[in-house]
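**Student:** Residue 1544 in the working numbering is what sits at position 338 of the first sequence, and the numbering runs on without skipping anything.
Backbone N, C-alpha and C fix where the C-beta goes; we use that ideal spot for every residue, glycine too.
Supplied in structure tokens, the structure appears directly below.
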Amino acid sequence: MLDREYDPKDIEQKWYKLWLEKKYFHADGNDDAKPPYSIVIPPPNVTGVLHMGHALNNTLQDIMIRYKRMDGFNALWMPGTDHAGIATQNVVEKDLAAKGLSRHDLGREAFIEEVWRWKEKHGDLIINQLKRLGASCDWDRIRFTMDEGLSNAVRRVFVTLYNEGLIYRSDYIVNWCPRCHSALSDLEVEHEEEEGFLWHIRYPLAEGNGEVVVATTRPETMLGDTCVAVNPKDERYAGLIGKQVVLPIINRSVPIVADPFVDMEFGTGAVKVTPAHDLNDYEMSLRHNLEIIVIMDESGVMNENAGPYKGMDRFECRKRLEQDLQEQGYLIDKTPYKVPVGKCYRCKTTIEPYLSKQWFVRAKPLAEEAIKAVKEGKTRIIPKQWEKTYYEWMYNIRDWCVSRQIWWGHRIPAWYCENCGEIIVSEENPTACPKCKSDNLRQETDVLDTWFSSGLWPFSTMGWPDETKELQKFYPTNVLITGFDILFFWVARMMMMGIKFMHAVPFHDVYLHALVRDEQGQKMSKSKGNIVDPIVEMDKYGADAFRFALSAFAAMGRDVRISDKRIQGYRFFINKIWNAGKFVMSNIEGFDPRSVSVDAGSLSLADAWILTELNKAIRATRSALEEYRFNDAADILYQFTWHTFCDWYIELSKPLLNTEAAPYTKWTLCHVFRSILELLHPMIPFVTEEVWQNLPGSPEESIVITRYPREDSELDFPEKALKMGYIIDIISGVRSIRGETNIPPSTQLDIVLRMKSKEIEAAVSEYGFFVRDLARVKSIGLIPEGAPRPKHCALAVTGEAEVYVPLEGVIDIDKEKDRLDKQIAKLEKELEGKRKKLSNKDFLQKANPEVVEEQVKIKDELELKLGKLLKAHELLEG
RNA sequence: AGGCACGUAGCUCAGUGGGAGAGCACCACCUUGACACGGUGGGGGUCCGGGGUUCAAAUCCCCGCGUGCCUACCA
1207 MLDREYDPKD
1217 IEQKWYKLWL
1227 EKKYFHADGN
1237 DDAKPPYSIV
1247 IPPPNVTGVL
1257 HMGHALNNTL
1267 QDIMIRYKRM
1277 DGFNALWMPG
1287 TDHAGIATQN
1297 VVEKDLAAKG
1307 LSRHDLGREA
1317 FIEEVWRWKE
1327 KHGDLIINQL
1337 KRLGASCDWD
1347 RIRFTMDEGL
1357 SNAVRRVFVT
1367 LYNEGLIYRS
1377 DYIVNWCPRC
1387 HSALSDLEVE
1397 HEEEEGFLWH
1407 IRYPLAEGNG
1417 EVVVATTRPE
1427 TMLGDTCVAV
1437 NPKDERYAGL
1447 IGKQVVLPII
1457 NRSVPIVADP
1467 FVDMEFGTGA
1477 VKVTPAHDLN
1487 DYEMSLRHNL
1497 EIIVIMDESG
1507 VMNENAGPYK
1517 GMDRFECRKR
1527 LEQDLQEQGY
1537 LIDKTPYKVP
1547 VGKCYRCKTT
1557 IEPYLSKQWF
1567 VRAKPLAEEA
1577 IKAVKEGKTR
1587 IIPKQWEKTY
1597 YEWMYNIRDW
1607 CVSRQIWWGH
1617 RIPAWYCENC
1627 GEIIVSEENP
1637 TACPKCKSDN
1647 LRQETDVLDT
1657 WFSSGLWPFS
1667 TMGWPDETKE
1677 LQKFYPTNVL
1687 ITGFDILFFW
1697 VARMMMMGIK
1707 FMHAVPFHDV
1717 YLHALVRDEQ
1727 GQKMSKSKGN
1737 IVDPIVEMDK
1747 YGADAFRFAL
1757 SAFAAMGRDV
1767 RISDKRIQGY
1777 RFFINKIWNA
1787 GKFVMSNIEG
1797 FDPRSVSVDA
1807 GSLSLADAWI
1817 LTELNKAIRA
1827 TRSALEEYRF
1837 NDAADILYQF
1847 TWHTFCDWYI
1857 ELSKPLLNTE
1867 AAPYTKWTLC
1877 HVFRSILELL
1887 HPMIPFVTEE
1897 VWQNLPGSPE
1907 ESIVITRYPR
1917 EDSELDFPEK
1927 ALKMGYIIDI
1937 ISGVRSIRGE
1947 TNIPPSTQLD
1957 IVLRMKSKEI
1967 EAAVSEYGFF
1977 VRDLARVKSI
1987 GLIPEGAPRP
1997 KHCALAVTGE
2007 AEVYVPLEGV
2017 IDIDKEKDRL
2027 DKQIAKLEKE
2037 LEGKRKKLSN
2047 KDFLQKANPE
2057 VVEEQVKIKD
2067 ELELKLGKLL
2077 KAHELLEG
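Right under this line is the structure:
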């Protein structure tokens, strides 16, 4: 028997523990009887804490995997965490800093050990939070991107790509974070517009009196200028090309060159060129064989090439330089200007374009295959609108900078021979240079971008490069569920790597869900203080309510707006289920569902109706889940559970439970309610298990492994369901009159019905008690069609009946007149539109005949209803 | 600069060619033996503006206006 109120806390823990003990979540690699179904988790950062995005993402995955598991699949949900190079290193460095230490104090090896210790200590926090959410991952298989197996995969991939010329090492301008002291890929830079300035600076000619004025948003880079460029077509500067100008302050002479890249319209049409600190300038320097001068160190501090500014931070330098230029008369103009600025996605520090030697993946050839796979439908991107974004990025893909100057991560398997300069890239640590046999080898200190290893996730987690039974069975995975924000970061790279190394796409479907925002649609951030903490929500309302809220809002627009209040709303839904459970249980005590065999003949109208409705709900839910329409699935089940089952069927069952048909009603109550729990289980696993366990005659030891409901044609009774529908309409009609004319619920009514057909009249005669009970009616009179209408009555017109409620002595007749007036006005407006449409010759000629027919039918119905209402109004007059 | 979305009831959003919908909020009534975390009934909308296609447009097309987001080597 269930407690008075539903209390999630103990119940959630109890069941999750049992599910683990029973190993329900474990997918058996040797089970060949069931078809496989697999999902790999987007691995959260090992240092992470569960946020709303994780909660949404993992709830959706759990819904799919639980659904498929129940539906007879060998379902594998592969879990794990990501080592998150920069993020994790930052966290541990911060921790050290609190003790007054830097990573350099420890040295590389000791620092890495420290990170591992940190991981051991805090790494399972987010895993436990996922368990709290109810995630049914196969925890026996949990992986970490730095595990030995996965690290081997990384090495294999790196070496293979290098040997095929798809990885190369080169000097290039990269996005440098002066705070993280590392290069970043293009994707790891966030672009923002900042309020800045456009400075106009005078560069005097080396010989003679002329000058060239350049415009720049970053005056400090002037110190590294190696030329000034103008457009060859620009007549203003035609005579100056080839001459020298002198850089103010540092008095270095640089040439004026002509390059078509220069936009004549912008600024003065003359560009200062700083090859070491700007990508365009770098490329221009290659075209003109220019000198390259690096003016900052890796912390963004000016170096010896900056002359008097050496040792200053880049922004301090800008200020001082501006002052000096001003004083010495070189600064001509300074106007406010919106400047695009790149920021480090980890620490928001302004990125410095910086010339350095880095490792790159040649992305184009890999991208081509990844594009093809989607074009050919081998992988579907859902919703489809994202396909275009995917193509757009893939077509314009640039080489991927994969080296990072940090310590935590997969160290690049490359060695440099100190003797002959040979580069050795190998899976095994080399002992001697293959070229000069020297053993004086130095290993590359850079590590790989975290996304490099994440890109291998769908197959590295399954044991690749070994040929495992898991790979054979579960690769490609069925679906990847993730946020659209990492479409390029992760999805695109898994596609490239999966196709390259497995010769098959990593997943058949990619479902991209929205980002979670706050009530006002704002991105959640600590600084805004608008963070909704999943753990807090689960503490307050339970994991089920929280999960249901997430699935209900999953596909609404592009954002998921979550608020405490909405979660509370679904908490009420959980409680509703609980209470329905209490009702069902108390009424079927001692009843064995297996003692009854149901058939069309034995079932009452209400039983037949709800069973038919159940079939509809099953069909709709399944198709919603198959198409990842999580919100639809949630809506359908919310509606069916609350309004169809609780509001109508439970109420209808009450009178039935006192009749001799009671066993059938008990059976139906039990069957439908059990089905509801099973249908809902993937979304709200805990409460459904608790209630389900209390129902008699459950086929399995847990709802987790019971069969997901399927449509049952044996339990489909459309004719009876239709009749039940008519009776429901009559009840609604009476209630409506009662409500609108303010007849108190305590007043028992006498009503008179006039039915369209004998058949329905018979049904109403047999099941009049439904109307009496649910509409609080004392007596039901039946009059034949064509018989005179009773006087002083309120009228409700349904499809199959006219419902008369005598009002004399019951309420104010005028109120009923008002009510009818309103309905008449509404109908007349509608009718007018229809008549107009149907008198339009063009419509009759050109519209689809079925449409015309339907419109005529609607018009007839409206007219009939209107006629009855007008008549009723007349009768009220007396 | 280009791209992708979005603009429907007070709020959050469904609906995507033929009778304007849901949840929450609101109003009225109701302590009926599953549930007041409840029940019953109800009010509320120039479907952003303008033009076009069509017999018919919230729905398709174009142009505005507004709002998000993504991409980009605009000094």
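Whose C-alpha, out of I1557, I1824, I1332 and K1926, is nearest the C-alpha of E1965?
**Tutor:** The sequence position of residue 1965 within the first sequence is 759, counting from 1. Cα-wise, what sits closest to E1965 is K1926.
**Student:** Which residues does DSSP list as the beta-bridge partners of I1630?
**Tutor:** The count along the first sequence starts at 1 and reaches residue 1630 at position 424. Answer by DSSP bridge pairing, in chain order: W1621.
**Student:** So which of V1685, F1680 and D1487 has the shortest CA-CA distance to P1589?
**Tutor:** Taking the first sequence and counting its residues from 1, one reaches residue 1589 at position 383. Looking at the Cα atoms, V1685 is the closest of the given residues.
**Student:** Tell me where the beta strand (DSSP E) around F1713 begins and ends.
**Tutor:** The residue you call residue 1713 lines up with position 507 of the first sequence. Where F1713 is concerned, the enclosing beta strand (DSSP E) stretches over F1713 to H1719.
**Student:** Taking C-alpha atoms, which residue in D1288, L2081 and N2054 lies nearest to P2022?
**Tutor:** Stepping through the first sequence from its first residue, residue 2022 is reached at position 816. The question names Pro, yet the displayed sequence has Glu at residue 2022. Here the closest residue by C-alpha is L2081.
**Student:** Could you pull the start and end residues of the beta strand (DSSP E) that V1958 belongs to?
**Tutor:** If you number the first sequence from 1, residue 1958 lands on position 752. Element bounds for V1958: L1955 to M1961.
**Student:** Rounded C-beta distance between G1945 and T2004? I'm assuming under 8 Å.
**Tutor:** Counting from 1 along the first sequence, the entry for residue 1945 is found at position 739. Counting from 1 along the first sequence, the entry for residue 2004 is found at position 798. Contact flag wrong, Cβ pair sits at about 16 Å.
**Student:** Grouping DSSP H, G and I as helix and E and B as strand, with all else coil, what is S1952?
**Tutor:** What you label residue 1952 is simply residue 746 of the first sequence in a count that begins at 1. Coil.
**Student:** Could you tell me which residues DSSP pairs with R1408 in its beta bridges?
**Tutor:** Here residue 1408 refers to the residue found at position 202 of the first sequence. For R1408, which the question treats as bridged, DSSP gives the partners V1419.
**Student:** Within the present structure, is the beta-carbon of L1885 separated from the nearest heavy atom of the ligand NAD by less than 6 Å?
**Tutor:** Judged by which ligands are present, the structure shown has none, so any question about the ligand NAD falls away.
**Student:** Which stretch, first to last residue, makes up the alpha helix (DSSP H) that contains Y1932?
**Tutor:** As a first step, residue 1932 must be located in the first sequence, where it is residue number 726. Y1932 -> alpha helix (DSSP H) spans P1924 to E1946.
**Student:** Residue range of the alpha helix (DSSP H) that T1874 falls in?
**Tutor:** Position 668 of the first sequence holds residue 1874. Per DSSP, T1874 belongs to the alpha helix (DSSP H) from A1868 to L1886.
**Student:** With respect to the beta strand (DSSP E) encompassing S1562, which residues constitute its N-terminal and C-terminal limits?
**Tutor:** One-based indexing of the first sequence puts residue 1562 at position 356. Per DSSP, S1562 belongs to the beta strand (DSSP E) from E1558 to V1567.
**Student:** Leaving out five residues before and five after I1794 in sequence, what residues of the same chain have Cβ atoms less than 6 Å from its Cβ?
**Tutor:** Counting from one through the first sequence, the residue named residue 1794 turns up at place 588. Hits under 6 Å: K1872 and C1876.
**Student:** Per DSSP, which residues does L1390 bridge with? Please list them.
**Tutor:** To locate residue 1390, count along the first sequence from 1; it is residue 184. N1381, per the DSSP bridge assignment.
**Student:** Look up K1540 in the DSSP assignment and say whether it is helix, strand or coil.
**Tutor:** Residue 1540 sits at position 334 when you count from the first residue of the first sequence. Three-state result, K1540: strand.
**Student:** Nearest CA to the CA of N1263: which residue from R1753, S1803 and F2049?
**Tutor:** Residue mapping note: residue 1263 aligns to position 57 of the first sequence, counting from 1. Out of R1753, S1803 and F2049, R1753 has the C-alpha closest to the C-alpha of N1263.
**Student:** Excluding the 5 residues flanking N1646 on each side, which residues of the same chain have their C-beta closer than 6 Å to its C-beta?
**Tutor:** Within the first sequence, residue 1646 is the residue found at index 440, counting from 1. Here the set comprises E1624 and N1625.
**Student:** Do the region 1353-1361 and the region 1523-1536 meet, that is, are 3 or more Cβ pairs less than 8 Å apart?
**Tutor:** The answer is no - the region 1523-1536 does not touch the region 1353-1361, with fewer than three Cβ pairs under 8 Å.
**Student:** If contacts are defined as beta-carbon pairs under 8 Å, then F1231 and D1344 qualify, I think. What distance do you get, rounded to the angstrom?
**Tutor:** Along the first sequence, one-based indexing puts residue 1231 at 25. Along the first sequence, one-based indexing puts residue 1344 at 138. Right, the Cβ-Cβ distance comes to about 5 Å (below 8 Å), so this counts as a contact.
**Student:** So, at 7 Å on beta carbons, what are the nonlocal neighbours of Y1543 in its own chain, with the 5 sequence-adjacent residues on each side left out?
**Tutor:** Indexing the first sequence from 1 puts residue 1543 at position 337. Excluding sequence neighbours, Y1543 sits near G1402, F1403, L1404 and T1423.
**Student:** Could you check the C-alpha separation between D1484 and G1355 for me, to the nearest Å?
**Tutor:** Residue 1484 sits at position 278 when you count from the first residue of the first sequence. Residue 1355 sits at position 149 when you count from the first residue of the first sequence. C-alpha separation (whole angstroms): 40 Å.
**Student:** Taking Cβ to Cβ, would you say K1478 is nearer than 7 Å to V1434?
**Tutor:** Numbered from its first residue, the first sequence carries residue 1478 at position 272. Numbered from its first residue, the first sequence carries residue 1434 at position 228. Result yes, Cβ atoms of K1478 and V1434 sit closer than 7 Å.
**Student:** Whole beta strand (DSSP E) runs in the region 1416-1479 with 3 or more residues, listed along the chain?
**Tutor:** 1417-1422, 1433-1436, 1450-1453, 1458-1464 and 1476-1479
**Student:** Hey, quick one: how far does the alpha helix (DSSP H) through N1486 stretch, first residue to last?
**Tutor:** Counted from its first residue, the first sequence places residue 1486 at position 280. Note, N1486: alpha helix (DSSP H), L1485 to H1494.
**Student:** Looking at the secondary structure, which residues open and close the alpha helix (DSSP H) in which K1675 lies?
**Tutor:** Start at 1 with the first residue of the first sequence, and residue 1675 comes out as number 469. It spans K1675 to F1680 - the alpha helix (DSSP H) in which K1675 sits, taken as one unbroken run.
**Student:** Please state whether DSSP places F1521 in a helix, a strand or coil.
**Tutor:** By 1-based counting over the first sequence, the position of residue 1521 is 315. Helix at F1521.
**Student:** Could you tell me which residues DSSP pairs with F1690 in its beta bridges?
**Tutor:** As a position in the first sequence, residue 1690 is number 484, starting the count at 1. None; F1690 has no bridge partner.
**Student:** If you count every other CB in all the chains shown that lies within 10 Å of the CB of C1553, and 16 or more means buried, which is it?
**Tutor:** Translated into positions along the first sequence, residue 1553 becomes position 347. Within a 10 Å sphere around the beta-carbon of C1553 sit fewer than 16 other beta-carbons, which makes this residue exposed.
**Student:** Are the Cβ atoms of A1482 and L1561 separated by less than 7 Å?
**Tutor:** Counting from 1 along the first sequence, the entry for residue 1482 is found at position 276. Counting from 1 along the first sequence, the entry for residue 1561 is found at position 355. Yes; because the gap between Cβ atoms is below 7 Å, this pair is in contact.
**Student:** Using only CA atoms, which one of P1454, E1489, L1453 and K1449 lies nearest to V1468?
**Tutor:** Looking up residue 1468 in the first sequence gives position 262. For the options P1454, E1489, L1453 and K1449, the alpha carbon positioned closest to that of V1468 is the one of E1489.
**Student:** Going by beta-carbon coordinates alone, are W1565 and R1699 separated by less than 7 Å?
**Tutor:** Walking along the first sequence from the start, residue 1565 turns up at place 359. Walking along the first sequence from the start, residue 1699 turns up at place 493. Taking the C-beta atoms as reference points, R1699 is found no nearer than 7 Å to W1565.
**Student:** So is D1976 buried or exposed if we call it buried at 16+ other beta carbons inside 10 Å?
**Tutor:** On the first sequence, position 770 is the one that residue 1976 refers to. The question names Asp, yet the displayed sequence has Phe at residue 1976. Buried is the call here.
**Student:** Identify, in the order they occur along the chain, each residue of the same chain with its Cβ nearer than 6 Å to the Cβ of T1541, setting aside the five sequence neighbours on each side.
**Tutor:** Position 335 of the first sequence holds residue 1541. Excluding positions up to five away in sequence, the list reads L1404.
**Student:** Assuming T1585 contacts F1713 (C-beta within less than 8 Å), just tell me the rounded distance between them.
**Tutor:** Position 379 of the first sequence, counted from the first residue, corresponds to residue 1585. Position 507 of the first sequence, counted from the first residue, corresponds to residue 1713. So it is a contact: roughly 6 Å between Cβ atoms.
**Student:** Within the continuous alpha helix (DSSP H) that includes P1996, where are the two ends?
**Tutor:** By 1-based counting over the first sequence, the position of residue 1996 is 790. Premise fails: P1996 is in no alpha helix (DSSP H) and is neither H nor E.
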